[in-house]
Every structure is written in structure tokens, then in C-alpha cells.
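So the sequence lines, in the order shown, correspond to chains W, D, C and A. Going by the numbering used here, the first residue of the first sequence is number 1, and it counts up by one from there. Going by the numbering used here, the first residue of the second sequence is number 275, and it counts up by one from there. Going by the numbering used here, the first residue of the third sequence is number 549, and it counts up by one from there. Going by the numbering used here, the first residue of the fourth sequence is number 823, and it counts up by one from there.
4 protein chains.
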Amino acid sequence: MKTRQWKEKVFDIVSKDDGDNKASRIFDLLIMTLIVLSIVSIVLESFDDLNTRYRTVFSVFETFTVIVFTVEYILRIWTADLLYPGQRHPRLKYITSFLAVIDLLAILPFYLPFIAADMRFLRMVRLFRLFRLLRVFKFGRYLEALQTVVQVIRSSASRLIISVILCFFVMLFSAIIMYTVENPVQPEQFPNVIASLWWAICTLTTVGYGDVYPVTAIGRFFAAVISLVGIGVIAIPTGIIAAGFTSAINRDSDGDENDSKPFCPYCGHRIRND
Amino acid sequence: MKTRQWKEKVFDIVSKDDGDNKASRIFDLLIMTLIVLSIVSIVLESFDDLNTRYRTVFSVFETFTVIVFTVEYILRIWTADLLYPGQRHPRLKYITSFLAVIDLLAILPFYLPFIAADMRFLRMVRLFRLFRLLRVFKFGRYLEALQTVVQVIRSSASRLIISVILCFFVMLFSAIIMYTVENPVQPEQFPNVIASLWWAICTLTTVGYGDVYPVTAIGRFFAAVISLVGIGVIAIPTGIIAAGFTSAINRDSDGDENDSKPFCPYCGHRIRND
Amino acid sequence: MKTRQWKEKVFDIVSKDDGDNKASRIFDLLIMTLIVLSIVSIVLESFDDLNTRYRTVFSVFETFTVIVFTVEYILRIWTADLLYPGQRHPRLKYITSFLAVIDLLAILPFYLPFIAADMRFLRMVRLFRLFRLLRVFKFGRYLEALQTVVQVIRSSASRLIISVILCFFVMLFSAIIMYTVENPVQPEQFPNVIASLWWAICTLTTVGYGDVYPVTAIGRFFAAVISLVGIGVIAIPTGIIAAGFTSAINRDSDGDENDSKPFCPYCGHRIRND
Amino acid sequence: MKTRQWKEKVFDIVSKDDGDNKASRIFDLLIMTLIVLSIVSIVLESFDDLNTRYRTVFSVFETFTVIVFTVEYILRIWTADLLYPGQRHPRLKYITSFLAVIDLLAILPFYLPFIAADMRFLRMVRLFRLFRLLRVFKFGRYLEALQTVVQVIRSSASRLIISVILCFFVMLFSAIIMYTVENPVQPEQFPNVIASLWWAICTLTTVGYGDVYPVTAIGRFFAAVISLVGIGVIAIPTGIIAAGFTSAINRDSDGDENDSKPFCPYCGHRIRND
């Protein structure tokens, strides 16, 4: 049963280092270094002069990173039966897990041009390359805090979804109202309801770039009413997220893992759920 | 008593489906589909090219929707004595109920041109067509959450009204002060107090489009003082609304109907009303 | 002692109506009507065409209002010894009371041109006329809510002052930093530290009109740091004011005068000071 | 042992006045006056006309201030063994203390041109002169409140650092996403990821100057999503700082030194750390 022993050795390496396995520690460090360098490389690539001069360096580094991450992905699938011992379909279970999906998406943009090299997808590929950002979630294996954040978001998912739907309706209604009253006067700023959504977003988040704003008296009246009502609604998902993250931060800095009570994002005090 | 039996059959259909009545379920689905399609149609109509090409489609769909909603409205009034059994004036009671008023307003814009076809009302009609948005509140019969939102707003109505009055005064005073100090320098931006209200709204909600702002030293000084004081005041109705909606969202996602304690939108903890 | 009887009669009229004195009720109504009409008149005067056409109407109304308020002020001082029975210097005590100072300031702008008719003071007079806005505080005698607001502000005065001083220092420091880094590049936008304060105010309140903003890399870096730190500091007086007003609103709508516990402006729940 | 007696006399003067030492009181007043005048001088210097006319006055005052502060710094180091009696290396301990580092940095900009008079450092010197602002922290010896603020920040340092790192990642990711989708359309506004960070900061703090904003449909979609998620995250350090400062303010205005419970900046209620 040589394969079995090999698999166990590989599994010890790819699973999180528990302090005594040197090969595992080196593997973890390699992955983490590549994650950080990936993000740094994305930032550096964006500078035209750097991109022109060191194009091959970026290209070679990206190829190397993807090869390492692909090997890592395959090894993790191969050793999935050791991760979930005694379960049926351990590989399927692993492939559909959060971190494995992240792993796949983070390397997918590299292989996409090989699958569909059509020139029309060029712009799409540019967007797909954003999936490389997901690599930061690979840190989730090493940082407890990041796992906590995911848990917090997952635990408040249902109310987050309802509040986002509510936000979307408030935004859509604001956009329809503003389109109706402003379109006849400034048709190029409010050409249709979807374009008016941009105004609604800028206003209700109170960002207010100033590129689109009502100019008619009735438009300004509705904008005032929408602001007073809508800002309160848009604040809800923001508040839920702030509360979730604050909770994760406090838990992390307190080092108290058992305590699941949320903290107020504004005063940071532990909230009593009684 | 054939009419009575007919009426009972119709009432079973128009009232909320309780699981076993197939006709009622189909009727509910039809109404809900029409509500959603209404909103989608409003959004699509706003695109000039779609509106030009499919004008008749939109027109036929709108006519069909209004006919269905009108028939629904008449049937609900007709069967009102079965909804409120043993009460005097059941129809009057129904017509003045929140959802019936919504039902009427949502079909009214269609009939308005027949009543007053005067060309001067063209722009008004455009505004009245916004009443079609109220159709979404017809969902209130099917979604408990929407009814809860209405209840929450109604329950905090008194403090909402006081805070809105307070907001209005702070805005009016800010507008008067800014008109006084800025009008001599930039009369086209601050022509009168009502126009200055737009500045007050943009500033106190912290949206700050940047189309109107003080340029004199004294105007900027007052703007600073008004900001520091006023933003706190304007935050009150926003906060009340956020708290009300958050309460409704939490209740909905917990599925705990008996628990009427609101949650803080900022820290998400259950508030004790003691 | 005829004067004494007269004085008592006058005192009964000018003091708050307790339900049975018809003259007092009429007097209160007159004062309140004049306060509201004063504010309406200030708004209407701001419209150029109305001001030109009805200049004499506004002038006569303002003269009439000031005469009534002056008579009211004199009568209140005259009857002050009945308001504070058994106290030494009751008139001095009354004149230095909050509402009496308001009463005086609200009529002062009218008499100012008679005292100093110098043309140089024309612009100043325009500003002094803003004191007319203080008339709304005369409502304080009739609305408990307004008195409560004053009390709330007074009770949190010490921490409000400290937080405003803190705000001022954060703003001043932000202005000095931004002046230092941005002045060499855009001297017309950041000519000196006092002018840079306008940038600091716009940014730290998150209004962000967009008339002044940093363009250098180092300026943007400092702007980012200042934003993250400063917005938290500027939120303090805003939060204190919001909490104070929310408390007053809740107390008013609950009709529970004895309860002095503050309410959270965001969730409106009664806060436990334990 | 004459030196010893001299040292003790000097130590009595430079250490905080305890009410009976007249020389110490005069010394404290001199230092505080110089701190305030320093800040006033920085503000006044920024006015071109004042700077041109009174250049020598500012120069002489700055030289005088630095000499006094330098003498103060040297005397404090000299008497450090009396401040920390019985400790080894008392001078090293003092030099590395918070207030001593502030003292040094606050006088350093003056001596810098003597050390490196290279013309290339001119702009750098301008920036280093900002260290003069640190002089306000010298007040820390006299105002307990300022020391409390430092303590509060230090006590919430760990969670502040985590939240700032989280903020930085959210900003960086927002910048990368917006660079990817907007760079092809408006390359001068989003030339690279670092420049896109400016957009991210303006948007996530909801300042929204309006100098940089997405114009493509997909860019606006991502901006909407980033706003809804990101504003919640950016609010966290802001909230922590607000809570810390509010705590310090409340403690100061209550005059209750033993009570270390913080107050919520939004509801002002004493927070229970249980």
C-alpha cells in the first residue's frame, strides 16, 4: 500500500501545519508568500511603465503561481478522503466546500483563454482576472479571523439578503420617481430608470459625487423626501456588515473564541442578547 | 339564495389562499405576476427605443393589468360583508382600509385621462402614473413582512412626525441663514429661501452634490456650525426608520412572530423596551 | 393699590393660559400667530418679486409685530415681581433669564438702525435681522418639548463643549497639514490655513461638495488618514446632539415627563444608566 | 554635593506645579503660552501678506520657542534620575517615553536644515515642520484629558490595528476592481491601482468629492456593491475612535476619574464591559 503512505505524507504537508512538520510549514509559507505576491503583482501590473518593462516577469510569475495553486488544488482533492474519513463522496464534498470553490475560481482566469480564445471575450477575460483577488481568501486556512468573518456573514445571511432586497426596492422606486420627474428636463442625465439607479445609489449612500442631481423643483422635493427615508433603509445592510465585522474583530483581539455575542460597531461594547 | 353562494365562492377566491383552494391559488399567482410585470414594464418603458418599438405591447399590457385590478377591486368591495361579518357598513370600512386605498390609487392613473383629458394635465398625468408604483404594496396581502413594515412605521408615527417637524425647522432655519449671507454674493444659487432649502438638504444629509455651496467666509462659517449641529438632527428620522425596518427584517428572518422587540440597526441587538 | 390689581390682571394675561382666562388665551394665540407669521414673512420676503410688490405690507407687519413683542417684553419685566415672589431683584433675574434674552434679541434688529444708522452697518443689519429667527424660541413658553430640548442641550453642555473643542483642534490640524502639502500645488484653493479649514469641514462631515480637494499624492494620503480618524471625532458632537433631541422626542411622544433616561438616536430604545 | 541640590531645584521647577512652587508655576505658564503661540504662529505664517511683512518676527519667535523647548528637553533628561528614582538607566527610560519623543520631534524640524542643508530637502523640511504640531501634545503634562485620550487609543490599539488592516484590504480590493473596469474608458482618472485608491477612499468614507467616479455601467454596478458593503467596514475604525474619544470626554466632564467605562458616541450611555 505504497500509494496510501504517499497520500498520507502529502496530506500532512497540504493540511495546516501543526508545529512539528517542517515540510508542511515550508508549503504553508510558500502558498502564503504567493498569495501576497499575487496581490502585489496585480497592483504593480496596473502601472503602465512597469507593465511594459517587466511584462515577462509578471507573466512568468503568474504562470508559476497558477501551476503551484493548481498542483495544490489537485493534491487537496486527491487527499480529500483523508480530510473527511468515513464519508461517502469525500472528493465531491471537498470540491463543493467554500475554500475549494475559491481555490478553483482563483486559478480559472489563467486557463480561460485556452478554453475560449475568441477575441470577443478579451474584455470578459479582463474581468475574470479579478477572480485572482479571491486568492486572499486562501488565507482563510491560516487566519482564524478570516474564517470568523465568513461565519459572521453566513450567520447574518438571511437578514442581510432581506435588507439588500429592501434596499434594492427603495433604490428602484427612487430611480423610477426621479426618472419620471427629471427625464423631461435633463434627458441625458436621466435617460432611463436603470441609469437613474446611479443617482439613487450616489444619493442614498450619501456619497453624492455631483455628476447627476435633480434640477427641477419637484425633483428636488422628491430627492429630499427620498433622502430622509432612504438613507435610513440603505444604512441597514451597512450596519449589519459593520456589526458582523466588529464582532469578528473584537473576538479576535480578545482571543475569546467561545464568546459569540455581537459587539456594537459604534461603541464596541458586548451586546447582551437577553 | 344563488347570489349568496356565488359571493361566497368569489370571496374564497379573492381572499388569501389557505392551501386547498386551487382557484384562489391561481388568482393569487395572477395578481402577483401582474404586480411584478407592472414594475418591470415601468422600467422597460423608460428606455426610449423599447418604448418606441413595443408601444402597443406596453399599452395592451397596462390595459389588461388595470382591467384585472379593477375587477379585483370591485369583487373585493362586493364581498366585503363576508370579510367583516356582522359589522355595519362593511363596504365603507373596506374602501377606507389601507390596502383598498392602495388598490384604488394604483388603478386611478389609467382612468384619469378619461375624466380630465385637458392637455394641461399631461405633465400631471405623468406624475400620477407614479401611483402605479403603489401596486407593490398589494403584495402586502401575501407578504407578512410588508404588513409588518407598515405596522412598524405606524407604531413609531408620533415620534417620526415630531422628528420630521424638527428636521423641517432645522432645514428652514439653515436655508434662511444661508440665504441671508450668500444671496448678495451668488444670487443665482441662493435666489430665495425655498431654493436655499436645496442646499440645506444636500448638506444636512451629507450628500453634498456640490452644485450649491457657500463661497463667502461668513457663509462657510455658518455652514460649518449648521453641519455640526444639523447632521445630528437630520439623523433622527433616518435612525427611527432604520430601526423600524431593521426590526421588521429581524422578525422576518427569525420567523419569531410573537417577538415584537426591535433591533438596533447599528449593533443589531435586541432592544429592551423596559 | 390700584396699580397692584392692574399688574395682577396683566400678569394673568401674559403668563401661560391655564384654561379659564379668556384674555390670556387670546393673548397667547396672538403671540403664537405673530411668531408663525414672522417666519413665513421672512421666507416670503426672500422672493424678489414678492418683496418688490408687497414691500409696504412686509414693513407694516414687521413694525406691528415688533410693537406687540416690545409691549409684551415690557409687561413681562413689569410683572416679574409676581413671577418670582419674595425674591430680591426679580426684574434683573427675569431680564437675564433665557426666554427674556431671546425676547430682547428677537426685537433688537428692528431698533438697531435707529441707534446706529451708519451706512457701513447695512450688511451687519442684514445679519442682525437673522435674530428674528429666535422668535421661534418664544414658543418655548407654550411647547414643553422645546423647553425639554433646551434642558437636554444644557444638561449635556459640558461634554458638548469639550467635544466641540476637540473637533476644532482636529479640524485645525487637518487644515494645517493639508495647507502644508497642497498650497505649493494649488495655492488658490489652499491659500492659507483658515481657508483650508473649509476643506477640513467639508471632508470631516463627509459632505464633500467637491469645490476643494487634494490633488497631490501625499495630500491624498493625508486626506485618507485624516478621514478615517477625523470622521470619528466629528461624529461625537453630532451624536451627542442627536441623542439629546431623540431623548426629547421620545419623552414628548410618550408623554412621560418624569423619565429622564436618554434614548439612542439610532434605535430609539431607552438607555439604562446603570 | 552642590550639583545634587541644583538638580533638585531644577526638577521641582520642570515637574508639574503642585500648587506651592511659584517658579514651577511660571515655568508651566511659559511652556503652555509658547505651545499656544506656536500653533497661532503656524496659522498666521500661512497668510502670504503676514508672512512677508512679519517674516523676522515669526523667525525670532520660532528660534526663541525652540531654544526654550530645547533647554526644557535637556533639563528633563538631566533630572530624569529624580523622576525614576532607584531605576537603572533612568535617562534612557525617559528619552524613550511618549512625551519625551514628542518633545524631541517638536524641536527637530528647526535643527534639520543645519544637519542636511541640501536644497533637495526643501520640500521635505516643509513637511517636517508639521512636527511642530506635535507641540500640542506637550499639553499632555498639564491636561489629564489628553493623557486619557492617549490611554484610550492605546487600550483599543489591537482592535484598531485589525480594523485598519481590514479597511486597507477593502480599499485595495475596491481600487483593483474599479481600476480593472474603468481604466479602459477613463485612463486619466484611473491610471493605476494606487491612483484608484483615491476613488475608493472618497467613496467608502461617503465624502464623494466628485473628481473621480465610474462612468461605465459595470463600473457603476460594482461601485454600488462596494458602497453597500464597504461603507460598513470603513465605519468600524471610525466608530472605535469615536467611542474612545467619547469615553475620554465623558470621563473628563463627569470629573469621575475612577470610572473607566466608555460611553457610546451615538447614544451616550455608559457601556457595560461585562
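Each residue gets a CB set at the ideal place from its N, CA and C atoms; glycine is no exception.
Where does residue i fall in DSSP's three states?
i: residue 529 of chain D; result: Bear in mind that the predicted position of residue 529 of chain D carries a pLDDT of just 47, short of 50, making it unreliable; the figure below should be weighed with that in mind. It is coil, neither helix nor strand.
i: residue 478 of chain D; result: helix
i: residue 872 of chain A; result: helix
i: residue 953 of chain A; result: helix
i: residue 563 of chain C; result: coil
i: residue 576 of chain C; result: helix
i: residue 728 of chain C; result: helix
i: residue 842 of chain A; result: coil
i: residue 355 of chain D; result: helix
i: residue 269 of chain W; result: Its pLDDT being 44, under 50, residue 269 of chain W is placed unreliably in this model, and the value from its coordinates should be taken loosely. Coil.
Is residue j closer than 8 Å to residue i when the C-beta atoms are compared?
i: residue 925 of chain A; j: residue 891 of chain A; result: yes
i: residue 31 of chain W; j: residue 24 of chain W; result: no
i: residue 587 of chain C; j: residue 684 of chain C; result: yes
i: residue 627 of chain C; j: residue 717 of chain C; result: no
i: residue 173 of chain W; j: residue 183 of chain W; result: no
i: residue 483 of chain D; j: residue 210 of chain W; result: yes
i: residue 740 of chain C; j: residue 868 of chain A; result: yes
Return no unless some Cβ of chain C is closer than 8 Å to the Cβ of residue i.
i: residue 325 of chain D; result: no
i: residue 955 of chain A; result: yes
i: residue 979 of chain A; result: no
i: residue 380 of chain D; result: no
i: residue 908 of chain A; result: no
i: residue 477 of chain D; result: yes
i: residue 277 of chain D; result: no
i: residue 879 of chain A; result: no
Which whole-angstrom value describes the C-beta separation of residue i and residue j, a residue pair presumed to lie in contact below a C-beta threshold of 8 Å?
i: residue 82 of chain W; j: residue 8 of chain W; result: 7 Å
i: residue 590 of chain C; j: residue 450 of chain D; result: 6 Å
i: residue 715 of chain C; j: residue 440 of chain D; result: Their Cβ separation, rounded to whole angstroms, is 22 Å, which puts residue 715 of chain C and residue 440 of chain D out of contact at 8 Å.
i: residue 402 of chain D; j: residue 386 of chain D; result: 6 Å
i: residue 779 of chain C; j: residue 752 of chain C; result: 6 Å
i: residue 138 of chain W; j: residue 35 of chain W; result: 6 Å
Report the rounded CA-to-CA distance for residue i versus residue j, giving the unit in angstroms.
i: residue 878 of chain A; j: residue 513 of chain D; result: 54 Å
i: residue 1065 of chain A; j: residue 742 of chain C; result: 29 Å
i: residue 1041 of chain A; j: residue 873 of chain A; result: 47 Å
i: residue 275 of chain W; j: residue 130 of chain W; result: Missing from the structure shown is residue 275 of chain W; chain W here goes from 1 to 274 and no further.
i: residue 962 of chain A; j: residue 1039 of chain A; result: 52 Å
i: residue 470 of chain D; j: residue 982 of chain A; result: 40 Å
i: residue 198 of chain W; j: residue 49 of chain W; result: 33 Å
i: residue 985 of chain A; j: residue 979 of chain A; result: 10 Å
i: residue 843 of chain A; j: residue 642 of chain C; result: 45 Å
i: residue 653 of chain C; j: residue 682 of chain C; result: 7 Å
i: residue 1000 of chain A; j: residue 246 of chain W; result: 26 Å
i: residue 533 of chain D; j: residue 574 of chain C; result: Note that residue 533 of chain D scores 40 on pLDDT, short of 50, meaning its location in the model is unreliable and no value can be drawn from it.
Please report whether the beta-carbon of residue i lies at a distance below 8 Å from any beta-carbon of chain A.
i: residue 554 of chain D; result: Residue 554 of chain D lies beyond the range of chain D shown here (275 to 548); nothing can be said about it.
i: residue 642 of chain C; result: no
i: residue 130 of chain W; result: yes
i: residue 113 of chain W; result: no
i: residue 232 of chain W; result: no
i: residue 544 of chain D; result: Only weak support is given to the placement of residue 544 of chain D: the predicted model assigns it a pLDDT of 44, under 50, and the value that follows is read from those uncertain coordinates. Not closer than 8 Å to any Cβ of chain A, the Cβ of residue 544 of chain D fails to qualify, so no.
i: residue 150 of chain W; result: no
i: residue 20 of chain W; result: no
i: residue 721 of chain C; result: yes
Establish whether the CB of residue i and some CB of chain E are separated by less than 8 Å.
i: residue 1032 of chain A; result: The displayed structure is made up of protein chains W, D, C and A, and chain E is not among them.
Is the beta carbon of residue i within less than 7 Å of some heavy atom of the ligand NAD?
i: residue 1069 of chain A; result: Of ligands this structure carries none, so the ligand NAD is not represented either.
Is there a C-beta anywhere in chain D that falls below 8 Å from the one on residue i?
i: residue 229 of chain W; result: yes
i: residue 193 of chain W; result: yes
i: residue 772 of chain C; result: no
i: residue 674 of chain C; result: yes
i: residue 785 of chain C; result: yes
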